[in-house]
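K.L.:
Sending over a structure as structure tokens; questions will come in a sec.
Numbering (the numbering used here), first residue to last: 187 to 360.
Shown next as structure tokens:
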């Protein structure tokens with residue numbers, strides 16, 4: 187199959203997949219997005235359509251509570267980001283958070299916490315502590331810890347993170 191045919195298959199599959207998803211025909215949506223991923227792979231290992239296809243499939247599977255499959259797609263997206271975009275790219279942070287959410291939903295609390303903390307460390311290193319994106323991640327991590335209740339050993343640090351986020355999200359009036 188030539189590059190033009192593959193590009194057409196990818197684009198048509200993505201459009202059809204989104205249409206099927208909007209119409210709640212999830213089996214067809216999954217099939218279309220899987221076909222898009224196959225086409226994207228033919229463009230070469232660094233083509234951004236691979237990442238888009240992995241993310242779309244991961245999100246669909248997460249929404250359908252097919253957590254093991256979602257985990258595999260988001261893990262693939264993370265691997266793609268690390269290999270093709272670098273260790274501190276915003277797409278990596280996004281997919282670390284997506285996989286963390288899947289782990290959280292699947293009861294894999296320690297794995298989720300590790301990914302949330304890794305995403306936060308990348309953002310802090312790249313943007314500094316006072317950036318709104320950092321505050322948002324800190325806030326989300328605080329929510330994660332509060333959802334764990336007293337069972338989380340890191341609850342104290344989670345509360346500290348959440349309190350720190352409040353000052354970034356809602357600066358005090360001076």
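Idealized CB from N, CA, C, for every residue including glycine.
So what does DSSP say about residue 336, is it helix, strand or coil?
P.N.:
Taking the first residue of the chain shown as position 1, residue 336 is located at position 150. Because residue 336 carries a pLDDT of 48, less than 50, the predicted location of this residue cannot be relied on, and the following value inherits that uncertainty. In this structure, residue 336 counts as helix in the three-state DSSP scheme.
K.L.:
What is the residue span of the alpha helix (DSSP H) that residue 250 lies within?
P.N.:
The residue labelled residue 250 in the question sits at position 64 within the chain shown. Run containing residue 250: none; DSSP gives neither H nor E here.
K.L.:
What is the C-beta distance between residue 271 and residue 278, in whole angstroms, given that I count them as a contact (C-beta under 8 Å)?
P.N.:
Here residue 271 is taken as the residue at index 85 of the chain shown, counted from 1. Here residue 278 is taken as the residue at index 92 of the chain shown, counted from 1. Between residue 278 and residue 271 the Cβ distance is about 6 Å, and since that is below 8 Å, they are a contact.
K.L.:
Given a cut-off of 8 Å on the beta-carbon distance, is the pair residue 296 and residue 330 in contact?
P.N.:
As a working mapping, residue 296 is identified with position 110 in the chain shown. As a working mapping, residue 330 is identified with position 144 in the chain shown. No, the pair does not count as a contact, with Cβ atoms beyond the cut-off.
K.L.:
Using only the alpha-carbon positions, how far apart do residue 249 and residue 231 sit?
P.N.:
Locating residue 249 in the chain shown gives position 63, where the first residue counts as 1. Locating residue 231 in the chain shown gives position 45, where the first residue counts as 1. When rounded, the distance between both Cα atoms is 27 Å.
K.L.:
List, from N- to C-terminal side, the alpha helix (DSSP H) runs of 4 residues or more that fit wholly inside the stretch 194-255.
P.N.:
Runs found: 212-227 and 234-249.
K.L.:
Taking the straight line between their C-alpha atoms, what separation do you get for residue 334 and residue 315?
P.N.:
The residue you call residue 334 lines up with position 148 of the chain shown. The residue you call residue 315 lines up with position 129 of the chain shown. Approximately 25 Å, taken between the alpha carbons.
K.L.:
Considering only residues of the stretch 246-318, which uninterrupted alpha helix (DSSP H) runs meet the minimum length of 4 residues and lie entirely inside it, listed in chain order?
P.N.:
Counting whole runs of 4 or more residues, the stretch 246-318 contains the alpha helix (DSSP H) stretches 253-270, 276-291 and 295-313.
K.L.:
Thinking C-beta only, is residue 323 closer than 8 Å to residue 301?
P.N.:
As a working note, residue 301 is residue 115 in the chain shown. As a working note, residue 323 is residue 137 in the chain shown. Their beta carbons are not under 8 Å apart, which means residue 301 does not touch residue 323 by this criterion.
K.L.:
Can you give me the C-alpha to C-alpha distance between residue 263 and residue 311, rounded to a whole angstrom?
P.N.:
As a first step, residue 263 is located in the chain shown; it is residue number 77 there, counting from the start. As a first step, residue 311 is located in the chain shown; it is residue number 125 there, counting from the start. Answer to the nearest angstrom: the Cα atoms are 21 Å apart.
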